[in-house]
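Below is one structure, written out as structure tokens; the observations come after it.
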Amino acid sequence: MRRFLHLRFFRIRHARRSEAGLTLVELIVTVAILGILASVAVPIARFKIQREKERELRYDLWQMRDAIDHYKDAADRGAFQTKVDSQNYPPDLEELTKGIDVQGKKVRFLRKIPVDPMTGKAEWGLHSMQDDPKSDSYGGQSVFDVYSKSTGTALDGTKYSDW
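Counting along the sequence shown from 1, when you hit position 119 you're at 170 in my numbering, and nothing is skipped either side.
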């Protein structure tokens, strides 16, 4: 009986000792699985960051174009005077942020010129009515449209400057 108890105690102690840690094979498999998961997660994170920048670019372009349209609508209604050759478009983007005196009130069409998320600068390409739509040169008469100066390509394959 005493020998039986001794063997039983030895087996229990031996079993606990073998379950106490990881073997080298288990450790290698675990590290390999974590490596595969990490290699899948990194491209997904990069696409998410780029998609967020694209969403921000679309919003900034919409915001500036909307401000240009509101400026033109107010000028067309005769709320304020513009240059003759401007066709009632603003002379520059700063005009939208500085504001215009309309019947004794200062009307601002844009709080600030947003930073282009693709270039990291508050510099935008401008088009006037007199410019060729395909050119990237700006005549300087008035601001009809804005575009990004980024040379990058979007996730959908289009150029950011064409948005």
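The beta-carbon is built from N, C-alpha and C at its ideal position, and this holds for glycine as well.
query	result
C-alpha distance - D167 paired with G72, whole-angstrom precision	53 Å
Uninterrupted beta strand (DSSP E) stretches inside the segment 145-203 (no shorter than 3 residues)	151-153, 156-158, 176-178 and 196-198
Three or more C-beta pairs below 8 Å linking the segment 121-136 and the segment 170-178	no
When S199, V153 and T209 are compared against W113, the one with the closest alpha-carbon	S199
Contact check, L147 vs M115, beta carbons under 9 Å	yes
Status (buried if at least 16 other CB within 10 Å, exposed otherwise) for D183	exposed
Own chain partners of P141 with C-beta closer than 7 Å, once the 5 adjacent residues on each side are dropped	I119, Y122, L147, S193 and V194
Bridge partner(s) assigned by DSSP for K210	T204
Own chain residues within Cβ distance below 6 Å of P165, not counting five before or after	D111
Beta-carbon proximity list for Q101, same chain, < 7 Å, skipping 5 on both sides	L206
Euclidean distance between Cα positions of S212 and S201	6 Å
Where the alpha helix (DSSP H) containing T81 begins and where it ends	L75 to D127
Minimum C-alpha distance to F160 - residue among S188, M169, A126 and G171	A126
C-alpha distance - A92 paired with F98, whole-angstrom precision	10 Å
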